[in-house]
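Residue numbers (the working numbering), protein chains in the order written: chain Y, 15 to 431; chain Z, 15 to 431.
Ideal placement from N, C-alpha and C gives every residue a C-beta, glycine not left out.
Number of protein chains: 2
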Amino acid sequence: MMTKNVNAEIIAVGTELLLGQIANTNAQWLSQQMAAHGINVHFHTVVGDNRSRVEETFKNAQKRSDIIVVTGGLGPTEDDLTREAFQSISHLEMTEHVPSMKKIEAFFQNRGLQMTANNRRQARVFKGATVFDNNVGMAPGMMVSYKGRTWIFLPGVPREMKQMFNDHVGAILDKRVGGGTVIKSKVLRFIGIGESRLAYELDDLIRTQRNPTIAPLAQKDGVVIRLTVKEHSISQADMLLEQTKQHILARVGSFYYGTDDETLERKIVSLLKNQNKRIAAAESLTGGGFYQRLTSVPGASQVCLGGIVCYDPEVKTNIVGVSPLTIQSKGTISRECAAEMAVNVCRIMHADIGISFTGIAGTDSVEGKPPGTVYIGICNKEGDKRIEHCTFSGDRETVRQQSVIKGLEMLFNWIKS
Amino acid sequence: MMTKNVNAEIIAVGTELLLGQIANTNAQWLSQQMAAHGINVHFHTVVGDNRSRVEETFKNAQKRSDIIVVTGGLGPTEDDLTREAFQSISHLEMTEHVPSMKKIEAFFQNRGLQMTANNRRQARVFKGATVFDNNVGMAPGMMVSYKGRTWIFLPGVPREMKQMFNDHVGAILDKRVGGGTVIKSKVLRFIGIGESRLAYELDDLIRTQRNPTIAPLAQKDGVVIRLTVKEHSISQADMLLEQTKQHILARVGSFYYGTDDETLERKIVSLLKNQNKRIAAAESLTGGGFYQRLTSVPGASQVCLGGIVCYDPEVKTNIVGVSPLTIQSKGTISRECAAEMAVNVCRIMHADIGISFTGIAGTDSVEGKPPGTVYIGICNKEGDKRIEHCTFSGDRETVRQQSVIKGLEMLFNWIKS
């Protein structure tokens, strides 16, 4: 059933990694992707911005690995020497990649900045390489074959690296590995249920089922289950994945919101579109973070009217119209304040649904309430409403993030039925 | 002035790292410690639980590094083969470490469990090794000299590894290095200047200065320069760092905003506090992202009043009070709309400073303008204002993030003088 094993290694170039300023999360992410494509990763190496040590590392890799993925060292400065080091060991010719050069020039032109000469280096590629556009930053990536090995060069900035991998490299690897064995994964996404409860509900499946395997994994915003199947054909793989998905949803389907890349905010925007409903938010402790997240979805403008960030108590009364009596008697961090915020912002913005966040993120207590005390309100223009009192733990940013996620969960539950 | 340069490498043994199940945070932490002890780290390697590949990795390390720190592979299972691999390459004799064996036996006795034979493996150490007690788990660590190299074996569990390093290894390294050497870093942060321009302005310094070294690094929100100095004493190190910082600021100081952990939003909140000024925002394409970021700073409530997220054009007119005529003649994505948004939100919220964001993040064009077209306005209550027309490239989220960062840059420049 297996095709020839394809072995890879991942090399990160950058002194900042050797100084411990950042962790090599690129290697972790790339390893996950390689596994999903059925490729064994045998080594990770980190090497600093030092020409001879980078060359030594490249030589070792050329000896022992079919695929070598290199991250970092493609930028414009003296320290960026990945290209030069690979040229030294391969003697491949280099050339200027005209589209990339045009893009770099346009970048500087658009900003009215003068382009310095070292920026040209970023557009240099090996002759015959497959060049990967950089949609996020400037330096392109590339893939080049050399003496039976496949070398893939990607930027070190995680966002640029991931986008380039997703846009170009994944498909190439699938071809490279060739037919025969198919490894496919499906990710099921849940909100409102913890990892341990999910693992408990699916305990027998997780322990006994081997194809697909079932792996729950806690994430910042909910829990996911990763199904991984190994099969002869895509259709067989898809069938097994779908079967297992249905088994799982029969038990915990009420917490399920989407598959693979689906996000909770995308699901919500899509539900709101279908229902032709528009939403407004009044945010205090989250400072705009809820609406920022909702509007990250392309097409959000069809359902997102706007919101009021009422950080200061006076803005809660003057702009959102929370009654000063409410604030006097119950405080700004109260069920009553959250309710008025949601109802009023819904009315002010002529929305169908209003949502509100008030609470204390930290670091200090407010109105005698400890950090982590949060009220979230949700209402519709017909007058139904629901307020939740939450107690989050963690630092300021954690409390704010958890508040946003809880708001998304409440909104999803409010509109899904 | 220098003691002999001591070069180290860090090897992690564990297939879970190659599958991407965890990131190699051990290497990051150990690198920070090594730097603090004046030791250069030249390589990180991750290798799986595979005997021949671990041996290959150890052989490479023996050739090139003075100190080799190995984490993981010391446990009781079949997969734990660090000891055996090192024995294969070194032919050093092994022996049972009696205190560790007693501890392991006691562990099982205390819990009424039967100890399986494989647990004995954990107490095996090389003859002549310095053994490190494990105060958190079971397997001891050790240090052993072999043909002029120092090998340090530590557990893979971060808690055990760190405690063992702190209790034993640090002091040994200081002796090994001969004390005296101090490595210190300082990070200088800049906004409004690109990495290549910064590198260009400092070109001669970067190329010629060796102590401290000067390394520019692009980040999502600006550029940093990392200075790293190696000296006999902390006071001497600090002096050289400060001297170089002053040289650099003499050239590019107008783009500098802070050192080390300082963030732009923290710097801004602190400046606003000192000036006793309060700020309001009207955000369209950023959806609340600017205010969310500003309010991430503890104590932001002293300077952050609130904002209006005016995603929908009607909210721009009805709530923010942008003139319908402006929108009709100039569109919502215009200098004029940005100006009215900033001025109006400043007035509505009784703020000292108003800031506004309007534009098109993507994925489609709006009002005939392509994604990436953004206007950012800033004003004070005295009536001064400044509007910038920006052209960003990248996907929807990149445009939104760049807008927020540009807004922070404009605000910083507005208030810093």
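Check                                                                                                                                                                : Outcome
Assuming Y/Val359 and Y/Val334 form a contact by the criterion Cβ under 8 Å, report the distance between their Cβ atoms to the nearest whole angstrom.               : 6 Å
Relative to the alpha-carbon of Z/Arg327, which residue among Z/Ser315, Z/His182 and Z/Gln342 has its alpha-carbon at the smallest distance?                         : In the sequence as presented, Arg is not what sits at residue 327 of chain Z; that position holds Pro. Per the Cα distances, Z/Gln342.
For a minimum of 4 consecutive residues, which ranges assigned as the alpha helix (DSSP H) are wholly contained in the region 57-87 of chain Y?                      : 65-78
Figure out for me which residue from Z/Arg135, Z/Gly142, Z/Asn225 and Z/Gln128 has the closest Cα to the Cα of Z/Glu107.                                             : Z/Gly142
Any residues in the region 337-352 of chain Z with a beta carbon nearer than 9 Å to a beta carbon of chain Y? Which ones, in chain order?                            : none
When the cut-off is 7 Å and only beta carbons count, does Z/Gly371 lie next to chain Y?                                                                              : One detail in the question is off: residue 371 of chain Z reads as Phe in this sequence, not Gly. No, Z/Phe371 lies away from the interface with chain Y (no Cβ there is under 7 Å from its Cβ).
Measuring alpha carbon to alpha carbon, tell me which residue in Y/Gly52, Y/Ser45, Y/Asn74 and Y/Gly86 is nearest Y/Gly62.                                           : Y/Gly86
Does the count of Cβ pairs from the region 302-313 of chain Y and the region 260-272 of chain Z closer than 8 Å reach three?                                         : no
DSSP three-state call for Y/Met15: helix, strand or coil?                                                                                                            : With a pLDDT of 30 at Y/Met15, under the threshold of 50, the modelled position of this residue cannot be trusted; read the value that follows with caution. Residue state, collapsed to three classes: coil.
Can you have a look at Y/Met48 and say buried or exposed, based on whether 16 or more other CB atoms are within 10 angstroms of its CB?                              : buried
Show which residues of chain Y have a CB atom less than 8 Å away from the CB atom of Z/Asp409.                                                                       : Asn149, Val150 and Gln177
Please state the DSSP three-state secondary structure of Z/Ile333.                                                                                                   : coil
Can you pull the chain Y residues whose beta carbon is under 8 Å from the beta carbon of Z/Glu402, in chain order?                                                   : Within chain Y, no residue comes near Z/Glu402; the closest Cβ sits about 11 Å away, beyond 8 Å.
Identify the contact partners of Y/Ser98 in chain Z, using a Cβ-Cβ distance below 7 Å as the criterion.                                                              : Per the sequence shown, residue 98 of chain Y should be read as Glu rather than Ser. Going along chain Z, no residue has its Cβ under 7 Å from Y/Glu98, so there is no contact; the nearest lies around 15 Å.
Answer yes or no: does any C-beta atom of chain Y fall closer than 7 Å to that of Z/Met16?                                                                           : In this predicted model, Z/Met16 has a pLDDT of only 37, less than 50, meaning its place in the structure is not dependable enough to derive any value.
For Z/Asn19, tell me which candidate among Z/Gln289, Z/Ala314, Z/His364 and Z/His246 has the shortest Cα-Cα distance.                                                : Z/His246
Per DSSP, what kind of secondary structure is Y/Ser343 in: helix, strand or coil?                                                                                    : helix
Mind listing the chain Y neighbours of Z/Cys318? Cutoff is C-beta to C-beta under 9 Å, in chain order.                                                               : Gly301, Val323, Tyr325 and Asp326
Cα-Cα, which of Z/Ser249, Z/Asn133, Z/Ala131 and Z/His111 is closest to Z/Val145?                                                                                    : Z/His111
Closer than 8 Å is the cut-off here; do at least three beta carbon pairs connect the region 26-34 of chain Z with the region 72-86 of chain Z?                       : yes
To the nearest whole angstrom, what separates the beta carbons of Y/Met178 and Y/Asn148, a pair I think is in contact under 8 Å?                                     : 6 Å
Could you confirm whether any beta carbon from chain Z is found closer than 7 Å to the beta carbon of Y/Val55?                                                       : yes
What's the C-alpha gap between Z/Leu299 and Y/Gln76?                                                                                                                 : 47 Å
Starting from Z/Gly421, trace the alpha helix (DSSP H) both ways and give me its first and last residue.                                                             : Arg410 to Lys430
Flag this pair as touching only if the region 398-409 of chain Z and the region 240-260 of chain Z have three or more C-beta atom pairs under 8 Å; answer yes or no. : no
Could you say which of Z/Trp428, Z/Lys420 and Z/Asn38 lies nearest to Z/Asp235 if we only look at CA atoms?                                                          : Z/Lys420
Go through the region 219-285 of chain Z residue by residue and report every complete run of the beta strand (DSSP E) that reaches 3 residues or more, in order.     : 227-233, 236-245 and 270-273
Given a threshold of 16 other Cβ atoms within 10 Å of its Cβ, counted over all protein chains shown, does Z/Arg414 qualify as buried or as exposed?                  : buried
Grab the span of the alpha helix (DSSP H) containing Y/Ile104 for me, first residue to last.                                                                         : It is Ser, not Ile, that sits at residue 104 of chain Y in the sequence shown. Looking at the DSSP string, the run of the alpha helix (DSSP H) that includes Y/Ser104 is Thr96 to Ser104.
Leaving out five residues on either side along the sequence, give the residues of the same chain with a beta carbon under 6 Å from the beta carbon of Z/Val150.      : Arg173, Glu174 and Gln177
Let me check understanding here. Comparing Cα to Cα, which of Y/Thr59, Y/Phe204, Y/Glu411 and Y/Asn54 lies closest to Z/Gln42?                                       : Y/Thr59
Going by alpha carbons, who is nearest to Y/Thr130 out of Y/Gln260, Y/Lys259, Y/Val139 and Y/Ile118?                                                                 : Y/Ile118
Between the alpha carbons of Y/Thr227 and Y/Ala314, how many angstroms are there, rounded?                                                                           : 36 Å
Short of 6 Å in beta carbon distance, which residues of its chain neighbour Z/Ala365, apart from the five on each side in sequence? Order them along the chain.      : Arg292, Ile293, Ala294 and Leu319
What does Y/Ala37 touch in chain Z if you count any residue whose Cβ is under 8 Å from its own?                                                                      : Ala37, Asn38, Thr39, Ala41 and Gln42
Which residues of chain Y have a Cβ atom closer than 9 Å to the Cβ of Z/Thr222, listed in chain order?                                                               : The premise fails here: Z/Thr222 is roughly 11 Å from chain Y at the closest Cβ pair, so nothing lies under 9 Å.
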